[in-house]
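One structure below.
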Amino acid sequence: MNPYNFAFLDEQTKRMIRRAILKAVAIPGYQVPFGSREMPLSYGWGTGGVQVTASVIGPDDVLKVIDQGADDTTNAVSIRRFFERTTGVRTTTRTEAATLLQTRHRIPETPLAEGQIVVFQVPIPEPLRWLEPRETETRKMHALEEYGVMHVRLYEDITRHGHVETAYDYPVLVNGRYIMRPSPIPKFDNPKLDESPALLLFGAGREKRIYAVPPFTTVRSLDFEDHPFTIERWDQTCALCGAADVFMDEIVVDDKGGRMFVCSDTDFCERRRGR
Amino acid sequence: MDADRPLLRARGVTRYYGSRVGCRDVGLDLWPGEVLGVVGESGSGKTTLLGCLSGRLEPSAGTVEFTQRDGTVVDVLRIPEPALRKLARTDWGIVHQNPRDGLRLGVSAGANVGERLMALGARHYGRIREAAFDWLGRVEIDGERIDDWPETFSSGMQQRLQIARTLVTEPRLVFMDEPTGGLDVSVQARLLDLLRRLVTDLGLSAVIVTHDLAVTRLLAHRLLVMRGGEVVESGLTDQVLDDPQHPYTQLLVSSVLQP
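Those protein sequences? They're chains L and P, same order as listed. FYI, in the numbering used here the residues of the first sequence are 72 to 346. FYI, in the numbering used here the residues of the second sequence are 6 to 264.
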């Protein structure tokens with residue numbers, strides 16, 4: 072006998088979160104407040120993402136959990152085990168086999184498909200927070216589309232570094248209306264948000280916000296006309312599988328300055344090597 | 006634009022703080038290209054009046070009408086907030102007494118000047134930077150300091166930077182709250198020269214609140230003298246300062262030290 076309700080949360084909480092998700096899907100990029108619950112893991116470990124996942128998961132779902140692209144790191148393993156124990160759903164590491172993916176800081180290299188749901192763990196949902204500490208004011212700025220200040224930040228980056236230095240959590244404009252933080256994914260993954268066939272849900276547990284990008288929604292990364300948005304490039308291929316055009320991790324292999332570049336998406340890398 | 010219509014017209018502007026009076030029954034007309042000085046001692050309601058005129062404070066009674074570029078007249082106190090904020094970004098500028106209130110201290114001088122341009126939709130880095138460079142020159146800040154943070158500037162430079170940041174979008178009406186307050190005398194003089202030149206060159210209208218009569222003598226065309234929240238005397242600057250009628254104005258004028 073399982074001592075927990077299916078997916079840990081009680082049904083009333085799930086209902087409340089689902090209502091927030093529906094509203095978020097109806098207004099792409101808009102941050103919907105919700106009554107975030109205490110979860111059996113600490114803030115910063117994905118409490119928002121876990122609550123969203125728990126609210127949308129069903130017995131027939133196949134779950135994949137990644138952390139920085141990897142299926143086998145602490146955060147991914149504990150959240151996957153959490154849902155195995157509280158729901159009994161099947162889990163997988165194969166991106167295309169999953170119906171539901173919870174991710175921290177990456178979007179898998181394998182293209183997402185229609186019918187899939189990706190849940191992102193969000194530390195700070197408010198893109199305007201860095202320059203406006205008042206919540207009342209940032210809400211007003213969103214409501215009135217007063218987004219000029221976002222470009223002040225990009226201006227400052229270009230001035231100091233010659234290019235936009237922001238490399239992760241790169242702000243985007245969703246559906247031509249709301250500015251959104253895509254959670255700390257590398258900007259390399261930003262183009263995957265645009266017109267994505269999968270439903271993208273974002274949960275911030277500590278900040279108590281849920282937002283969403285519905286399938287096939289325009290997501291544009293902010294830039295200047297004379298400094299267009301670019302993504303990271305590496306001049307080498309993955310040391311393990313030889314893949315190019317993927318997001319790479321730099322791994323220090325000894326104490327003599329030796330290092331190698333490998334795919335950050337472990338599932339993608341392993342399957343390329345297995346072929 | 007309709008030439009026989011003031012840019013800003015206020016009638017019966019009253020603001021209470023509880024039972025105390027901030028300002029009472031103030032009326033004024035500001036014509037295009039005119040600089041209006043508001044003088045009075047501390048606590049006389051100058052800043053309250055400025056807040057009410059610029060829509061930042063809600064008066065207890067009264068109307069403030071502003072004539073827009075297209076000639077239509079809006080009631081500043083009753084238009085919806087989005088329209089008011091748009092007005093504040095485009096047609097108006099506000100220069101605070103303390104430059105730190107008006108500047109964004111965490112970003113470079115260039116970004117400070119460029120912010121209003123970006124808020125109005127400028128999305129070309131090179132052109133924003135050019136405009137910022139140009140404006141730094143106009144307020145006599147060395148263009149080489151465009152990438153420095155305002156915190157590294159002297160207070161006089163910060164004040165000039167704030168002015169550049171406000172004027173870059175060429176507003177038609179500027180509200181200034183003690184623009185020379187807290188600056189030493191030589192820096193004040195330089196700032197006044199600069200302001201006078203900019204106001205003339207750009208054909209700005211301005212409301213300048215100050216307790217410093219010398220500032221109004223140099224900048225203002227007309228003067229309102231306030232005391233206890235009420236206007237006790239108004240008229241042409243030279244007339245009010247050289248031939249004050251109200252006892253309080255006489256006191257104010259005579260209390261200025263003559264070196």
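Glycine included, each C-beta is placed from N, C-alpha and C at the ideal position. The structure displayed is predicted, hence computed values, not measured ones.
Close beta carbons around residue i, own chain, < 8 Å, minus the five adjacent residues each side
| i | result |
| --- | --- |
| residue 238(L) | 257, 258 and 303 |
| residue 211(L) | 217 |
| residue 223(P) | 197 and 201 |
Three-state secondary structure assigned by DSSP to residue i
| i | result |
| --- | --- |
| residue 18(P) | strand |
| residue 161(L) | strand |
| residue 309(L) | coil |
| residue 135(L) | strand |
| residue 88(L) | helix |
| residue 215(P) | strand |
| residue 213(L) | helix |
| residue 282(L) | strand |
| residue 223(L) | helix |
| residue 239(L) | strand |
| residue 6(P) | Confidence is the limiting factor: at residue 6(P) the pLDDT is only 48, short of 50, which leaves the residue's position unreliable, though a coordinate-based value still follows. Coil, per DSSP. |
| residue 130(P) | helix |
| residue 326(L) | coil |
| residue 77(L) | coil |
| residue 265(P) | Residue 265(P) is absent from the structure shown; chain P starts at 6 and stops at 264. |
| residue 181(L) | coil |
| residue 145(P) | coil |
| residue 209(P) | coil |
| residue 49(P) | coil |
| residue 251(L) | strand |
| residue 178(P) | strand |
Contacts around residue i, its chain only, beta-carbon distance under 6 Å, and the 5 residues preceding and following it disregarded
| i | result |
| --- | --- |
| residue 30(P) | 17 and 19 |
| residue 176(P) | 96, 97 and 98 |
| residue 376(L) | As shown, chain L starts at 72 and ends at 346. That puts residue 376(L) outside it, with no answer to give. |
| residue 182(L) | none |
Inter-residue CB distance, residue i and residue j (contact presumed, cutoff 8 Å)
| i | j | result |
| --- | --- | --- |
| residue 68(P) | residue 82(P) | 7 Å |
| residue 285(L) | residue 99(L) | 6 Å |
| residue 122(L) | residue 274(L) | 6 Å |
| residue 26(P) | residue 230(P) | Not really, about 16 Å apart at Cβ, beyond 8 Å. |
| residue 254(L) | residue 193(L) | 5 Å |
| residue 287(P) | residue 228(P) | No information on residue 287(P) is available, as it lies outside the stretch 6 to 264 that chain P covers here. |
| residue 138(L) | residue 170(L) | Going by Cβ atoms, the distance from residue 138(L) to residue 170(L) rounds to 19 Å, so no, they are not a contact pair. |
| residue 5(P) | residue 233(P) | Lying outside 6 to 264, the shown extent of chain P, residue 5(P) is not represented and no answer is given. |
Same chain only: Cβ atoms within 7 Å of residue i, ignoring 5 sequence neighbours per side
| i | result |
| --- | --- |
| residue 103(L) | 91, 94, 95, 280, 281 and 282 |
| residue 309(L) | 317, 319, 332, 333, 334 and 340 |
| residue 116(L) | 146 |
| residue 144(L) | 138 |
From the options, residue whose alpha carbon lies closest to that of residue i
| i | options | result |
| --- | --- | --- |
| residue 218(P) | 113(P), 198(P) and 183(P) | 183(P) |
| residue 79(L) | 159(L), 323(L), 251(L) and 267(L) | 159(L) |
| residue 271(L) | 255(L), 277(L) and 288(L) | 288(L) |
| residue 137(P) | 118(P), 131(P), 125(P) and 122(P) | 118(P) |
| residue 126(P) | 61(P), 174(P), 9(P) and 254(P) | 174(P) |
| residue 246(L) | 231(L), 138(L) and 266(L) | 266(L) |
| residue 156(P) | 76(P), 108(P) and 46(P) | 108(P) |
| residue 189(P) | 166(P), 162(P), 250(P) and 181(P) | 162(P) |
| residue 196(P) | 164(P), 170(P) and 181(P) | 164(P) |
| residue 180(P) | 257(P), 148(P), 151(P) and 93(P) | 93(P) |
| residue 106(P) | 57(P), 124(P) and 168(P) | 168(P) |
| residue 154(L) | 215(L), 87(L), 276(L) and 126(L) | 126(L) |
| residue 337(L) | 83(L), 326(L), 81(L) and 177(L) | 177(L) |
| residue 63(P) | 73(P), 52(P) and 154(P) | 52(P) |
| residue 57(P) | 28(P), 178(P), 258(P) and 112(P) | 28(P) |
| residue 110(L) | 157(L), 101(L), 97(L) and 166(L) | 157(L) |
Against chain L, which members of the stretch 69-95 of chain P pass a CB distance test of less than 7 Å?
Listed by position along the chain: 87 and 90.
Check each residue of the stretch 276-290 of chain L: if its Cβ is closer than 8 Å to any Cβ of chain P, include it; give the result in chain order.
Of all residues in the stretch 276-290 of chain L, none is placed with a Cβ closer than 8 Å to any Cβ belonging to chain P.
With 7 Å as the limit, tell me which residues of the stretch 110-122 of chain P have their beta carbon closer than that to any beta carbon of chain L; keep them in chain order.
Residues passing the 7 Å Cβ filter: 112, 113, 115, 116, 119 and 120.
Against chain P, which members of the stretch 226-239 of chain L pass a CB distance test of less than 9 Å?
Listed by position along the chain: 226, 227, 229, 230 and 231.
The stretch 136-165 of chain P: positions lying closer than 7 Å to chain L by Cβ:
Along the stretch 136-165 of chain P, the positions whose C-beta sits under 7 Å from a C-beta of chain L are 152, read in chain order.
Check each residue of the stretch 291-311 of chain L: if its Cβ is closer than 7 Å to any Cβ of chain P, include it; give the result in chain order.
Sequence-ordered contacts of the stretch 291-311 of chain L with chain P read 295, 296, 297 and 298 [C-beta pairs closer than 7 Å].
Closer than 9 Å, Cβ to any Cβ of chain P: which residues of the stretch 187-214 of chain L, in chain order?
Answer in chain order: 201, 202, 211 and 214.
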